[in-house]
Amino acid sequence: MIELQNVSFSYDSSDEMILNNVNLSIKEGEFVLLVGNSGCGKTTITRFLNVLAPDFFEGELKGTVIVDGKNTNDVTIQEMSRSVGSVFQDPRSQFFTLDTTAELAFSCENVGLNRQDTIKRVVESAELINVTHLLGKSVFELSSGEKQAIALASACAHKPKILVLDEPSANLDQDAMVRLKHNLESLKTRGHTIVVSEHRIHYLKDLCDKVVHISNGVIESILTGDEFQKKSNEELNSSGLRSLSVDGLKKGLTQKTISAVHLEKDKKNLLVLEQVDFSYNRAEPLLKNINLSVNQGEIIGLIGNNGTGKTTLMELICGLKKQKSGNIYIGGKKVKAKSRIEQTYYVMQDSDYQLFTESVEKEIFLDNKKTESSVETGVEILKLMGLSDFLERHPASLSGGQKQRLSIAISFMKDVEIICFDEPTSGLDYNSMQRIVKLFKRLSSMGKGIIVATHDLEFITACCTAVYNM
Amino acid sequence: MTTNAIKRDTTKIVTETGSFFEEFDPRLKLLLVVCVSTLTFIAPTSKALLINYSIIVLLYMLSGLYRSGVKVIIFVSVFYTISLWEPSGASEWIKFALNLIGPLAIRIMSYFIMGTWMAGKMRIGDFVSSLEQMHIPKGIIITVAVVFRYLPTARDELYYISSTMKLRGIGISFKNIILHPIRTLEYSIIPLILRCLTIADELSVSAMTRGLDLETKRIPYREVKITIQEAVITIVILTIVVSSRFIT
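Same order as they appear, the protein sequences are chains A and B. For the first sequence, my numbering assigns the number 470 to the last residue and increments by one with no breaks. For the second sequence, my numbering assigns the number 718 to the last residue and increments by one with no breaks.
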């Protein structure tokens with residue numbers, strides 16, 4: 001079904017070869033997982049299948065790529081879309097229309113199916129992916145998980161033989177990940193050939209027929225599903241891969257429900273939230289009677305599904321929103337939203353909004369006085385984040401993971417005691433995640449209080465000192 | 471329920487049609503937007519201006535956009551009052567300025583208000599198919615569709631950007647605008663542009679891998695055609711708006 005013969009590739013934007021002499025063959029109906037570090041070339045392989053590389057992401061392709069009997073040199077992205085359906089990382093920007101039904105019909109309309117057939121396919125696809133209850137809704141009303149499900153239903157509505165998914169779980173919570181797994185299972189049963197490139201691999205472990213480990217542009221190993229399942233976390237971690245079994249939290253780290261916290265107020269507490277309420281409209285409040293205290297050096301993990309108010313809680317703490325009632329204390333003093341903005345820092349999930357200048361170096365020192373010690377810290381922190389080689393680069397030219405690490409590094413330069421992070425590890429590989437764990441531990445040893453909202457259990461286990469369920 | 475019954479149900483949801491104005495042909499909507507707002511903009515008398523706005527409010531109400539309709543009424547009342555207001559003791563200049571600002575704001579806003587009306591209850595798919603029927607080049611159609619797709623998210627994008635600016639001490643505040651006007655502008659616009667580029671890229675990738683191209687003919691799953699009722703309503707509205715110019 002898919003054949004890569006001696007394939008090498010380099011993007012026009014860089015001099016390095018991203019893939020070197022890769023040979024891979026995938027049979028009809030196989031479920032193939034591509035794993036490896038960020039920048040190893042696994043996304044590029046998915047781009048060969050839908051012809052995005054070299055047609056959209058331009059570069060030089062050597063060797064032959066044959067997908068569904070067609071040489072990709074001879075077909076356009078649009079022609080290939082008949083055989084290959086694609087799902088991408090960010091569920092927000094995959095929608096071309098504004099309502100879900102039209103979205104599902106989109107690929108069928110473009111392929112040129114007649115009206116009756118399109119409607120039949122839309123119904124079939126909605127039922128297979130269990131999204132019938134979402135039909136006819138505006139795409140802006142959906143949660144990330146629902147958006148990703150619609151994107152998947154849309155990609156397979158015209159029944160392409162092959163489905164390609166590039167990090168589909170990056171923005172999903174635990175429940176949505178389980179649902180994604182079930183959906184992929186149904187698609188596999190229907191006979192689709194499925195290729196997934198992914199960092200968080202534990203949810204896919206019993207679906208894979210073949211696992212391809214790519215490292216620095218070459219195929220390091222190809223395992224069968226059974227061989228892969230037998231791998232221990234240590235073995236995988238040592239080759240830079242995420243853990244395979246993430247069965248809850250490690251011992252000693254208990255998970256508390258945030259609404260049941262008994263507040264122990266103490267002058268020494270860095271941050272205290274006392275009976276904080278918040279609602280977006282007159283309807284049911286999103287946050288009700290929240291009590292929380294954070295001590296120096298604590299790393300608090302907030303978990304829970306999307307839409308439970310994790311982000312809102314952090315926006316409240318950082319003063320971007322005002323609480324409806326209740327008090328927030330920093331260092332024993334009651335502080336209003338306006339001064340909370342100055343005394344805290346918040347790293348958003350999406351780094352695109354957080355970078356303002358024309359070089360990595362300027363970004364790090366933006367609005368920080370350049371003193372000898374601050375330059376030293378800046379250089380050191382960029383090294384810790386693996387960004388020292390990019391000082392002069394424009395932030396926009398960095399990869400997604402690099403941008404994310406840069407926006408996290410900036411928080412280190414801020415002279416504040418409380419820092420909130422929203423999903424700092426989404427879409428990061430094992431090594432990058434470890435870098436962030438190290439940074440968090442540094443911040444904590446400096447006596448700062450950290451609050452982090454995340455779906456990443458592996459990350460929580462690696463660094464959090466307390467976990468609250470929203 | 472048997473599987474067949476479920477299937478029929480889903481099919482019903484998929485083929486369901488919306489209210490009359492939701493289904494109103496996008497071409498006629500576009501015609502209304504262009505004509506009504508232009509005629510409002512160049513309305514010769516206050517009377518004509520108010521008649522045109524009554525029509526606009528009526529369109530909002532008929533489409534079920536009650537809240538926004540009320541907002542339009544409030545907006546027009548406020549600015550119309552400003553134009554009538556003659557504060558005692560104020561200089562001629564201030565009176566002149568008040569007289570100018572009120573009507574000007576009302577006139578210019580007519581484009582935005584009508585545009586919002588059209589975007590409020592419109593299916594992008596219908597819009598694309600109806601423009602295709604008018605033989606407008608596909609490149610233009612796709613651009614317009616992407617703009618409509620992007621606009622609703624622009625407010626959120628701006629919120630995120632201004633939040634980070636605040637946190638990094640470069641917020642859009644009076645102090646920063648006065649002391650560092652260019653820097654503040656730069657910092658608010660750069661992330662917006664970068665974001666637009668990312669979104670534009672991701673949207674095109676998603677559309678292309680689902681077969682949208684410039685050559686093949688799409689077959690829309692919904693039928694788009696102008697009904698007699700729709701045509702009559704459009705003609706009536708246009709007649710009122712045009713004849714309002716001649717009422718003295």
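All C-beta atoms, glycine included, are put in the ideal place defined by N, C-alpha and C.
Which same chain residues end up closer than 6 Å to residue 315 of chain A when comparing Cβ atoms and leaving out the 5 residues on each side of it in sequence?
Stepping through the first sequence from its first residue, residue 315 of chain A is reached at position 315. Excluding positions up to five away in sequence, the list reads 321.
Residue 242 of chain A versus residue 199 of chain A: straight-line alpha-carbon distance, rounded
Residue 242 of chain A sits at position 242 when you count from the first residue of the first sequence. Residue 199 of chain A sits at position 199 when you count from the first residue of the first sequence. Their Cα atoms are separated by approximately 6 Å.
Tell me the start and end of each unbroken alpha helix (DSSP H) in the region 622 to 651 of chain B that is at least 4 residues and wholly inside, in chain order.
644 to 649
The alpha helix (DSSP H) that contains residue 440 of chain A, what's its start and end?
Numbered from its first residue, the first sequence carries residue 440 of chain A at position 440. Per DSSP, residue 440 of chain A belongs to the alpha helix (DSSP H) from 430 to 445.
Could you spell out where the alpha helix (DSSP H) holding residue 154 of chain A opens and where it closes?
Indexing the first sequence from 1 puts residue 154 of chain A at position 154. Taken as a continuous stretch (DSSP letters only), the alpha helix (DSSP H) holding residue 154 of chain A covers 144 to 156.
Which residue from A:171, A:360, A:230 and A:129 puts its Cα closest to that of residue 183 of chain A?
The residue labelled residue 183 of chain A in the question sits at position 183 within the first sequence. For the residues A:171, A:360, A:230 and A:129, the minimum Cα distance to residue 183 of chain A belongs to A:129.
To the nearest angstrom, how far is it from the Cα of residue 317 of chain A to the Cα of residue 625 of chain B?
Walking along the first sequence from the start, residue 317 of chain A turns up at place 317. Walking along the second sequence from the start, residue 625 of chain B turns up at place 155. Whole-angstrom Cα-Cα distance: 22 Å.
For residue 354 of chain A, go through chain B and note every residue whose CB falls closer than 7 Å to its CB, in chain order.
Indexing the first sequence from 1 puts residue 354 of chain A at position 354. Within 7 Å Cβ-Cβ: 634.
Expressed to the nearest angstrom, what Euclidean distance is found between the alpha-carbon atoms of residue 261 of chain A and residue 530 of chain B?
On the first sequence, position 261 is the one that residue 261 of chain A refers to. On the second sequence, position 60 is the one that residue 530 of chain B refers to. Rounded to whole angstroms, residue 261 of chain A to residue 530 of chain B spans 48 Å at the Cα level.
Could you tell me which residues DSSP puts in a beta bridge with residue 449 of chain A?
What you label residue 449 of chain A is simply residue 449 of the first sequence in a count that begins at 1. Per DSSP, A:418.
Interface residues of chain A around residue 588 of chain B at Cβ under 9 Å?
In the second sequence, counting from the first residue as 1, residue 588 of chain B sits at position 118. The premise fails here: residue 588 of chain B is roughly 13 Å from chain A at the closest Cβ pair, so nothing lies under 9 Å.
Can you give me the C-alpha to C-alpha distance between residue 598 of chain B and residue 375 of chain A, rounded to a whole angstrom?
As a working mapping, residue 598 of chain B is identified with position 128 in the second sequence. As a working mapping, residue 375 of chain A is identified with position 375 in the first sequence. The alpha-carbon atoms of residue 598 of chain B and residue 375 of chain A are separated by roughly 54 Å.
With 8 Å set as the bound, which would you pick, yes or no: does the beta-carbon of residue 471 of chain B sit closer than that to a beta-carbon of chain A?
Along the second sequence, read from residue 1 onward, the residue named residue 471 of chain B stands at position 1. Caution applies to residue 471 of chain B, whose pLDDT of 46 falls short of 50 and renders its modelled position unreliable; the value that the coordinates give is listed next. Not one chain A Cβ lies under 8 Å of residue 471 of chain B.
For residue 556 of chain B, collect the residues of the same chain with a Cβ closer than 6 Å to its Cβ; drop the 5 residues on either side in sequence, then sort them by chain order.
For the purposes of this step, residue 556 of chain B is taken as the residue at position 86 of the second sequence. Cβ neighbours of residue 556 of chain B beyond the five flanking positions: 565.
Flag this pair as touching only if the region 345 to 363 of chain A and the region 415 to 425 of chain A have three or more C-beta atom pairs under 8 Å; answer yes or no.
yes
Let me know the alpha helix (DSSP H) ranges lying completely inside the region 193 to 276 of chain A, each 4 residues or longer, listed in chain order.
225 to 229 and 233 to 238
Quick check: is the beta carbon of residue 682 of chain B nearer than 8 Å to any beta carbon in chain C?
Here chain C cannot be found, since the structure's protein chains are A and B.
How far does the alpha helix (DSSP H) with residue 544 of chain B in it reach, from first residue to last?
The residue you call residue 544 of chain B lines up with position 74 of the second sequence. Counting along the chain, the alpha helix (DSSP H) containing residue 544 of chain B begins and ends at 536 to 554.
So, at 6 Å on beta carbons, what are the nonlocal neighbours of residue 681 of chain B in its own chain, with the 5 sequence-adjacent residues on each side left out?
For the purposes of this step, residue 681 of chain B is taken as residue 211 along the second sequence, with counting starting at 1. Hits under 6 Å: none found.
Counted within 10 angstroms of its Cβ, other Cβ atoms place residue 206 of chain A as buried (16 or more) or exposed:
Position 206 of the first sequence, counted from the start, is the residue given in the question as residue 206 of chain A. Under this definition residue 206 of chain A is an exposed residue.
Whole-angstrom distance between residue 313 of chain A and residue 471 of chain B, CA atom to CA atom:
Residue numbering aside, residue 471 of chain B sits at position 1 when the second sequence is read from its first letter. Residue numbering aside, residue 313 of chain A sits at position 313 when the first sequence is read from its first letter. Confidence at residue 471 of chain B is low in this model, with a pLDDT of 46, below 50, so its placement is unreliable and the value that follows should be read with caution. Cα to Cα, residue 471 of chain B sits roughly 43 Å from residue 313 of chain A.
Reduced DSSP category for residue 140 of chain A - H, G, I as helix; E, B as strand; rest coil
As a working note, residue 140 of chain A is residue 140 in the first sequence. Helix.
is_contact[residue 345 of chain A, chain B] using C-beta, thresh 8 Å:
Here residue 345 of chain A corresponds to residue number 345 of the first sequence, with the count starting at 1. Residue 345 of chain A counts as touching chain B.
Do we get a CB-CB distance below 8 Å when we pair residue 115 of chain A with the residues of chain B?
If you number the first sequence from 1, residue 115 of chain A lands on position 115. It does: the Cβ of residue 115 of chain A has a partner Cβ on chain B nearer than 8 Å.
Please list, in chain order, the residues of the region 66 to 78 of chain A that have any C-beta partner in chain B closer than 9 Å.
76, 77 and 78
Beta-carbon of residue 14 of chain A versus every beta-carbon of chain B: anything under 8 Å?
Taking the first sequence and counting its residues from 1, the one referred to as residue 14 of chain A is at position 14. No, residue 14 of chain A lies away from the interface with chain B (no Cβ there is under 8 Å from its Cβ).
Minimum C-alpha distance to residue 354 of chain A - residue among A:403, A:285, A:433 and A:286:
Against the first sequence, residue 354 of chain A aligns to sequence position 354. Out of A:403, A:285, A:433 and A:286, A:403 has the C-alpha closest to the C-alpha of residue 354 of chain A.
Across the region 265 to 281 of chain A and the region 319 to 336 of chain A, are there enough close Cβ pairs to call them in contact, namely three or more that are closer than 8 Å?
yes
Contact between the region 282 to 292 of chain A and the region 214 to 233 of chain A: three or more CB pairs below 8 Å?
no
Minimum C-alpha distance to residue 105 of chain A - residue among A:96, A:118 and A:93:
As a working note, residue 105 of chain A is residue 105 in the first sequence. Nearest C-alpha to residue 105 of chain A: A:118.
Quick check on DSSP: helix, strand or coil for residue 9 of chain A?
Sequence index remark: in the first sequence, residue 9 of chain A carries index 9 (1-based). DSSP places residue 9 of chain A in strand when its eight states are reduced to three.
Between the Cα of residue 393 of chain A and those of A:215, A:75 and A:364, spot the shortest distance and give me the residue it belongs to.
Residue 393 of chain A sits at position 393 when you count from the first residue of the first sequence. Checking every option, the nearest Cα to that of residue 393 of chain A belongs to A:364.
Would you call the CB atoms of residue 310 of chain A and residue 453 of chain A closer than 8 Å?
Counting from one through the first sequence, the residue named residue 310 of chain A turns up at place 310. Counting from one through the first sequence, the residue named residue 453 of chain A turns up at place 453. Yes, they are a contact pair.
With respect to the alpha helix (DSSP H) encompassing residue 398 of chain A, which residues constitute its N-terminal and C-terminal limits?
Taking the first sequence and counting its residues from 1, the one referred to as residue 398 of chain A is at position 398. Looking at the DSSP string, residue 398 of chain A is not in any alpha helix (DSSP H), and its letter there is neither H nor E.
For a cutoff of 8 Å on Cβ pairs, would you count residue 604 of chain B as touching chain A?
In the second sequence, counting from the first residue as 1, residue 604 of chain B sits at position 134. No - not a single Cβ of chain A is within 8 Å of the one on residue 604 of chain B.
Inspect the beta-carbon positions of residue 443 of chain A and residue 412 of chain A and report whether they are closer than 8 Å.
Walking along the first sequence from the start, residue 443 of chain A turns up at place 443. Walking along the first sequence from the start, residue 412 of chain A turns up at place 412. A contact, by the Cβ cut-off of 8 Å.
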